[in-house]
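Student: Residue numbers (our numbering): 590 to 1074.
Yeah, the Cβ is synthetic: ideal placement off N, Cα and C, and Gly gets one too.
Quantities reported herein were computed from a predicted structural model and do not represent experimental measurements.
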Ligand code: SIN
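Dropping the structure here:
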């Protein structure tokens, strides 16, 4: 194992990690990422865009209200206010980097998604927004003199000293390990969707940063709150751990309708916002209809010739599976999409472990409450990543703690078969509709076969424990056995 020294280590090459790295200038940063230029991150797959109150008559206060209503009031109000008021500045910073947002007649084109009472979603390249955003940030990072990027690597252990972090163990594609000493580490490793059988997240999003942080003594928060997107492309692909293509909510914002197998409107009479009701409600409705053995379709045939230009990503995914969305409805299923819970942090990304920070989906500062509002996730990575980077740039960084060194490592992972079993287990027990009996049975199963499931199983048990501890339904955590459900 070779040793190197660097003042600030950022783990994760999605929007949050890239934003921290950029904003930390002039402080030297080592950015460690699995893929080059954000490849393999959930950010690059995002279709929905970035929410910002930049339209005529819209206000940050209205954005705050919608965020808190979607979050079932479980949000940290202060964190939400900061997110919404900083959103227009985040857009302006991206424009200054050269990112071209979609326009209509000289004005930003503003879309609408579930839970929003105003048109406030900006896109770049239609539903290719995440990919364009990641490309713009990655280029800025490449051009920045203060960031060294090392891609094709994973972090599988933290070196602790006394009560603080002292370094990370980096493993390359050949499995060779190297120690990078650092008294300041930012985890921006994304979410856990890859632990579920149906997911829109990259297969690698299995919570390694969350598991490492928890093992190092950081506190978890709101771990039971997993968001399920109502509309992923329903593909029959047993044993394939890859993501299901997302069928963006912006389609419903553009007039697409959810229908049951008999062609009846799925959300009729269930919520004043109909097809654009908050995501947890729509996902549960789709789930329940599918559980009854019916199909669910998204009909966006009215878009006709606009399909390839306005929604190129969904259009290409449909065509790749023999569906022509301009002529026929799209089969959809809910899928694990975003983890509201994570490592508990303050708004400066500090976990309780000295020098260990977390930001983006791996973190939980309470901004999303019990259910994230659509298009607030890229925004969170941009706003809180920038904030953390600026803190790192302008404040003296915490020094390494004193004391003995000790490694905290993930240890063995679940192998391919066990990982597939785990994904099926969590999808049925910890999916859009949960109950105590199934949660307990899933936990017992993982406990009894702990060696097979490795660190993935330990993390899954922590998620199940959190879901068991919250006996009542709230936001995306829905217990069918709770009174009043
Ligand atoms: C979508 O495009 O429907 C997803 C947007 C988001 O997750 O915020």
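Beta-carbon within less than 7 Å of residue 924's beta-carbon, same chain only, minus the 5 sequence neighbours each way: which residues are those?
Tutor: Here the set comprises 787, 788, 789, 817, 818, 821 and 833.
Student: Kindly provide the chain-ordered list of residues whose Cβ lies closer than 5 Å to any non-hydrogen atom of the ligand SIN.
Tutor: Going along the chain, the residues that qualify are 636, 637, 837, 838, 963 and 964.
Student: Can you find the residues in the same chain that come closer than 6 Å, C-beta to C-beta, to residue 1110, ignoring five residues on each side of it along the sequence?
Tutor: For the chain, the structure presents residues 590 to 1074; residue 1110 sits outside this window and is missing.
Student: Quick one: residues in its chain with C-beta nearer than 7 Å to the C-beta of residue 1002, no 5 flanking neighbours on either side, listed in chain order?
Tutor: Excluding positions up to five away in sequence, the list reads 1043, 1044 and 1045.
Student: Inspect the beta-carbon positions of residue 844 and residue 710 and report whether they are closer than 9 Å.
Tutor: No, these two residues do not count as a Cβ contact at 9 Å.
Student: Comparing the CB of residue 1067 with every heavy atom of the ligand GTP, is any distance shorter than 8 Å?
Tutor: Judged by which ligands are present, the ligand GTP is missing from the structure shown, whose ligands are the ligand SIN.
Student: Quick one: what's got a C-beta closer than 7 Å to residue 955's C-beta in the same chain, skipping five residues either side?
Tutor: So the qualifying residues of the chain are 664, 665 and 668.
Student: Let me know if residue 597 comes out buried or exposed under the rule of 16 or more other beta-carbons within 10 Å of its beta-carbon.
Tutor: By the 10 Å Cβ count, residue 597 comes out buried.
Student: Per DSSP, residue 836 is paired with what?
Tutor: None, per the DSSP bridge assignment.
Student: Taking the straight line between their C-alpha atoms, what separation do you get for residue 864 and residue 836?
Tutor: If you take the alpha carbons of residue 864 and residue 836, they lie about 14 Å apart.
Student: So residue 736 and residue 730 are in contact, right, with Cβ under 8 Å, and what is the actual spacing, rounded?
Tutor: At roughly 5 Å, the Cβ-Cβ gap stays under 8 Å, so residue 736 and residue 730 are in contact.
Student: Starting from the N-terminal side, write out each stretch of the beta strand (DSSP E) that is 3 residues or longer and does not extend beyond the region 716 to 749.
Tutor: Counting whole runs of 3 or more residues, the region 716 to 749 contains the beta strand (DSSP E) stretches 736 to 740.
Student: I'd like the ranges of any alpha helix (DSSP H) spanning at least 4 consecutive residues and lying wholly in the region 855 to 931.
Tutor: Whole alpha helix (DSSP H) segments, 4+ residues: 868 to 880, 896 to 899 and 901 to 909.
Student: Using CA atoms only, rank isn't needed, just tell me which of 977, 886, 705 and 825 is closest to residue 850.
Tutor: Residue 850 has its Cα closest to that of 886, out of 977, 886, 705 and 825.
Student: Based on the DSSP output, what are the partners of residue 692 in its beta bridges?
Tutor: Looking at the DSSP assignment, residue 692 forms a beta bridge with 697.
Student: May I have the straight-line CA-CA distance separating residue 754 from residue 999, to the nearest angstrom?
Tutor: Between residue 754 and residue 999, the C-alpha separation is close to 15 Å.
Student: Can residue 798 and residue 782 be called in contact, C-beta distance under 9 Å?
Tutor: Not in contact: residue 798 and residue 782 (Cβ atoms no closer than 9 Å).
Student: By DSSP, does residue 1022 sit in helix, in strand, or in coil?
Tutor: It is coil, neither helix nor strand.
Student: Going along the chain, which residues of its own chain have a beta-carbon closer than 7 Å to the beta-carbon of residue 655, five neighbours each way excluded?
Tutor: Correct list, in chain order: 704, 705, 706 and 962.
Student: In angstroms with no decimal places, state the Cα-to-Cα distance between residue 760 and residue 1031.
Tutor: Straight-line Cα distance between these residues: approximately 31 Å.
Student: Smallest Cα separation from residue 935: which of 899, 1023 and 809?
Tutor: Per the Cα distances, 809.
Student: In or out: residue 828 buried (at least 16 other Cβ within 10 Å) or exposed?
Tutor: Model confidence at residue 828 stands at a pLDDT of 49, short of 50, so the residue's coordinates are unreliable; what they give is reported in the following sentence. Exposed: under 16 other Cβ atoms inside 10 Å.
Student: Looking at the unbroken beta strand (DSSP E) that takes in residue 994, where does it start and where does it end?
Tutor: That run of the beta strand (DSSP E) goes 994 to 998.
Student: If you follow the beta strand (DSSP E) that residue 818 is in, where does it begin and where does it stop?
Tutor: 815 to 822 is the span of the beta strand (DSSP E), which, as asked, contains residue 818.
Student: At what residues does the beta strand (DSSP E) containing residue 753 begin and finish?
Tutor: 753 to 761 is the extent of the beta strand (DSSP E) around residue 753.
Student: The alpha helix (DSSP H) with residue 769 in it runs from where to where?
Tutor: Per DSSP, residue 769 belongs to no alpha helix (DSSP H); it is in the beta strand (DSSP E), 766 to 770.
Student: Please list the terminal residues of the continuous beta strand (DSSP E) segment that includes residue 846.
Tutor: Element bounds for residue 846: 846 to 849.
Student: Take the Cβ of residue 1060 as the centre, count every other Cβ of all protein chains shown within 10 Å, and call the residue buried at 16 or more, exposed below.
Tutor: Per the 10 Å Cβ criterion, exposed.
Student: Quick check on DSSP: helix, strand or coil for residue 622?
Tutor: Looking at residue 622 - three-state DSSP - the assignment turns out to be strand.
Student: By Cβ distance, which residues of its chain are closer than 7 Å to residue 916, with the 5 residues on each side in sequence left out?
Tutor: Once the five neighbours on either side are set aside, the close Cβ partners of residue 916 are 890.
Student: Identify the residues that DSSP records as bridge partners of residue 644: which are they?
Tutor: In DSSP, residue 644 forms no bridge with anything.
Student: Between 699, 1021, 1034 and 939, which has its C-alpha nearest residue 777's C-alpha?
Tutor: The shortest Cα separation from residue 777 among 699, 1021, 1034 and 939 belongs to 939.
Student: Just curious, the alpha helix (DSSP H) that residue 609 is in, first and last residue?
Tutor: Unbroken alpha helix (DSSP H) run through residue 609: 604 to 612.
Student: What does residue 809 pair with, by DSSP beta-bridge criteria?
Tutor: DSSP, once it has assigned bridges, lists 932 as partnering residue 809.
Student: Looking at the unbroken alpha helix (DSSP H) that takes in residue 1048, where does it start and where does it end?
Tutor: It spans 1039 to 1058 - the alpha helix (DSSP H) in which residue 1048 sits, taken as one unbroken run.
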